[in-house]
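Student: Chains as they are written, first to last, in the working numbering: chain A, 1 to 78; chain B, 79 to 444; chain C, 445 to 745. Backbone N, C-alpha and C fix where the C-beta goes; we use that ideal spot for every residue, glycine too. Take a look at this one; I'll ask things after.
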Amino acid sequence: MLFKVYFWQDESVIYNIKSGDIHLLSSFDGKVLDLMSSNTKQEVLIKKIIEAYQIDYQDAEDYLGKLYDIYRKLSLID
Amino acid sequence: MLDDQLVVQFLRNYGQGSLQKIDFTGYCWENLIRQSRRVNLLSRVAYFLCELELLEKIPEQPRQHFINAIKLSDANARSVYVEVKAIHQALNKEKVDFILLKGAAYVWSGVDSGKGRLFTDTDILVTKETLLPAETALSHNGWFALSLDAYTQKFYREWMHEIPPMTHRSRQTTVDVHHTIIPPTSRLKPKPIKLWQQADAMENMPGLFVLSPIDMIIHSATHLFHEGEFDQGLRDISDLDLLIREGVIEGNKWEELLVRAEELDLVKPVYYAINFTQKILLTPIPDKIIVKARSLAKMNSFLAMIMDVLYSKALITEHKTYSVNGQSFARWLLYIRSHWLKMPVYLLAPHLCRKSWLRISGQKDH
Amino acid sequence: MLLSQLPANKISEYLSTQELCFKTGSINIAVKSNIPAIIKHITDFYSHYDCLEKSDFIDLHVEVYSVGGYRKFYKPQVTFSFDGYEPFIPLPLKQAPAMFEWGLNWCIANVAHQYLIIHSAIIEKDGYGLVMPGTPGSGKSTLCAALVNKGWRLLSDEMALLSLKDGLIYPAPRPVSLKNKSIQIIKEFAPNAVFGDVIADTLKGDIAHMVAPVSALKGQSVPVKPAFLVFPHYEDNIEKKLIKLSKARALMTLAEHAFNFNVLGEEGFDSMANMIEQVECYDFSYSDLTTALDGIETLIQ
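Printed below as a string of structure tokens:
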């Protein structure tokens, strides 16, 4: 595992084990990160984003793409 | 006198040096902790005790100090990851290759001398041609050179082998960028290109290198015996002991070491290195190799004897728990010598006077 | 045996010729100094501390001494050393007691990594631990000094030592350090409190130390379970407000106040997260001491 996450109500705090950095994310984004790191399929993640934000497929896919970029940049996922 | 120092005993033979004779409850752990901490080796001693699974036998209060020292070096290793990645990101964009040096290199490459190793700055080597592009790339990525007066800037750029150290704006960590391992004004002239030719490329990080195991030894020897900084003397001797055991003794590569030292015009510091690691830490170096190195370095036996005495005193840092007669005089002589090695005489005197003025007036030494 | 129970002149004799050894909480300290101001400081502020035996293990060997050379005569200076290492640049001699206290803080923060060390006051009442992290201008020291004169037990005014093993905060009580206006405020608030001389013009302004109450020393082996995390903010003429904070944000802010967060890595993060889990987190704004104290007391009712 590259990180540790603690959830409280609608926020989460992520600890990057390699770098020691900590990040504040929404609870939902924290859960997506958790799922990403356990290799959950993209389709499943997109579905969850659609359910949570009530947006269409394209927007959800874009949002997921943004999250992948951010998490890779922060070295939270490979 | 050397055997009085508990820390010296503990560093011999990966920490096993004196362990057979120890009564774990009655032993003076406090003195060992104090001595080790003073010479920046507490983490290494703690690491050995941990590897030998002996921490549990130590009484609780001293044990906690060893455990905490291991946490420090683990944290240092984590920071190497962050720093080297950031430096690589900045330099790789501008296609500047770099060789990681000293502590950062030991930790990154996983050699034994990275164990329990603490350091503050990251030292890197670039080519002379890429020195300014490297400085530019770093300054575009959050590093800046501390504002130094014009004299000090000139000292760094023209007389020494570095641009001034650069500090990262938010992380407050420092990178020292070198293009040679000895100042260009020195009498010894190792060619940096030869180091590049033997450097090991690091996996998944194009443009990032470390020195070959033999070159790591030679560089460490040069840094200690040419540069004149003795406060970390025992730490550097311990690094050399581990580097020599892993890089030369294991594969019986004595010929390689001496040939390479000659090739780089650095036999003298290598002679001192093997002489003193054997003397102080009992590194199993064959006497005939030391004799051969001394003759290759063209040292007559009288001079060798004097340097023996001076260095033996200089390499041991004073501490309340033991005394070293004549240490400050020995260090002063060797300090002058190292400047003599680095600079022509006409540059030497004004520089030394300015340095003492800074010290007397209470300003920080660099 | 307490330091005050040593035969007359032994405090100054041990300090100047060998070492004077005492403990605070779980930390054993040995001090050497021949500076009269330090001898007086130790006598005035540490006489109720437990003396240690020669055979006791010492965690910190420190020394406070005058700088040599021409400095002995011209603008004399003092320096602090931790076993031969000097972490600070020298200061004017009259700031010696302040340097001693800062020096000890530095040593603990750099050595005691069996704890997550939070830059905060930590006090206790009725078994509840109150942690007040200190940003500049927060007034945490003033609040702390006032509360320990109103029945709260002082564990520390500078550093909360959160044990990585059991999640409790361990005491290491020392003189309470007050700055500038706070000095007079607390002197008026607690007329029975004992103060040292004001040390003027330090980097932090005027400083004075208040002797740690006896209850602090009596309870120095008793850790406390953290119950409240309160970030105080002093501001002129604002309404007193105690606002509950989200735990996630409190954790992010608390990390900035942890001296050795980077040293402890994952272990430190877990300890901090577990502490946040069990405490109530607040932001506390106030503009005068009396109503501030009432606000704090409501927490434990």
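1) Compare the beta carbon distance of Gly325 (chain B) and Ile292 (chain B) with 8 angstroms and say whether it is the shorter of the two.
2) Closer than 8 angstroms by beta-carbon distance: list the chain B residues that pair up with Gly512 (chain C), in chain order.
3) Provide the residue(s) that pair with His653 (chain C) in DSSP beta bridges, ordered along the chain.
4) Any beta-carbon of chain B closer than 8 angstroms to the one on Lys4 (chain A)?
5) Tell me where the alpha helix (DSSP H) around Asn554 (chain C) begins and ends.
6) Say whether the segment 335-347 of chain B touches the segment 311-318 of chain B, bearing in mind that this needs 3 or more beta-carbon pairs closer than 8 angstroms, one atom from each stretch.
7) Find the residues of chain B that neighbour Gly20 (chain A), judging by a C-beta separation of less than 9 angstroms, and give them in chain order.
8) Do the segment 515-534 of chain C and the segment 665-673 of chain C meet, that is, are 3 or more Cβ pairs less than 8 angstroms apart?
9) What are the partner residues of Phe466 (chain C), as DSSP defines its beta bridges?
10) Which class does Asp386 (chain B) belong to by DSSP, given the choice of helix, strand or coil?
11) Smallest Cα separation from Glu711 (chain C): which of C:Gly512, C:Ile567, C:Lys609, C:Ala553?
12) Apart from the five residues just before and just after Phe176 (chain B), which ones in its own chain have a Cβ nearer than 6 angstroms to its Cβ?
13) Which chain C residues are close to Leu37 (chain B), counting only those with a beta carbon under 8 angstroms from its beta carbon?
14) In terms of residues, what are the limits of the alpha helix (DSSP H) holding Cys128 (chain B)?
15) Counting only C-beta atoms, is Glu463 (chain C) closer than 8 angstroms to chain A at any point?
16) Does the beta-carbon distance from Lys206 (chain B) to His246 (chain B) come in below 8 angstroms?
17) Can you give me the C-alpha to C-alpha distance between Val86 (chain B) and Leu360 (chain B), rounded to a whole angstrom?
18) I'd like the list of long-range same chain contacts for Leu89 (chain B), defined as Cβ closer than 6 angstroms, with 5 residues on each side in sequence excluded.
19) Classify Asp570 (chain C): buried if its beta carbon has 16 or more other beta carbons within 10 angstroms, exposed otherwise.
20) Pairs of beta-carbons, one from the segment 450-459 of chain C and one from the segment 597-605 of chain C, closer than 8 angstroms: are there three or more?
21) Just the C-alpha distance for Ile295 (chain B) and Asn353 (chain B), rounded to the nearest angstrom, thanks.
22) Which of the three DSSP states is assigned to Gln310 (chain B) in this structure?
23) When the Cα atoms are used, what is the spatial distance from Met385 (chain B) to Leu289 (chain B)?
24) Return the chain-ordered list of same chain residues with a C-beta closer than 7 angstroms to the C-beta of Ser191 (chain B), the five sequence neighbours on each side being excluded.
25) Please report the straight-line C-alpha distance between Pro422 (chain B) and Arg323 (chain B), rounded to a whole angstrom.
26) Cα separation between Lys484 (chain C) and Pro211 (chain B)?
27) Looking at the unbroken alpha helix (DSSP H) that takes in Thr523 (chain C), where does it start and where does it end?
28) Quick one: does Pro422 (chain B) have its CB under 8 angstroms from some CB of chain A?
29) Nearest to Pro137 (chain B) by alpha carbon, out of B:Tyr159, B:Ser390, B:Phe287, B:Gly104?
30) Which of the three DSSP states, helix, strand or coil, is assigned to His256 (chain B)?
31) In the DSSP assignment, find the alpha helix (DSSP H) that holds Lys29 (chain A) and state where it starts and stops.
32) For the alpha helix (DSSP H) holding Trp274 (chain B), just list the boundary residues, first then last.
33) Is Gly65 (chain A) helix, strand or coil when you go by DSSP?
34) Counting only beta-carbon separations shorter than 8 angstroms, does Asp527 (chain C) have a partner in chain B?
35) Is there at least one Cβ from chain C nearer than 8 angstroms to Asn109 (chain B)'s Cβ?
36) Using a Cβ-Cβ cutoff of less than 7 angstroms, which residues in the same chain neighbour Leu67 (chain A) once the five nearest sequence positions on both sides are dropped?
Tutor: Reading it off the structure:
1) yes
2) Here the premise fails: no neighbours, minimum Cβ distance about 11 angstroms.
3) C:Ser621
4) no
5) 540-555
6) no
7) Ala153, Arg156, Ser157, Val160
8) no
9) C:Ile473, C:Cys495
10) helix
11) C:Lys609
12) Leu169, Ile202, Val204
13) Missing from the structure shown is residue 37 (chain B); chain B here goes from 79 to 444 and no further.
14) 120-129
15) no
16) no
17) 10 angstroms
18) Ser316, Leu359
19) exposed
20) no
21) 13 angstroms
22) coil
23) 28 angstroms
24) Tyr184, Asp317, Leu320, Leu321
25) With a pLDDT of 49 at Pro422 (chain B), under the threshold of 50, the modelled position of this residue cannot be trusted; read the value that follows with caution. Cα to Cα, the separation comes out at about 36 angstroms.
26) 58 angstroms
27) Here Thr523 (chain C) belongs to no alpha helix (DSSP H); instead the beta strand (DSSP E) covers 521-526.
28) Residue confidence is low: Pro422 (chain B) scores 49 on pLDDT, short of 50, so the model does not pin down where it sits. No coordinate-derived value is stated.
29) B:Gly104
30) strand
31) The sequence given here places Asp at residue 29 (chain A); Lys does not occur at that position. First-last of the alpha helix (DSSP H) with Asp29 (chain A): 27-37.
32) 270-276
33) helix
34) yes
35) no
36) Asp29, Val32
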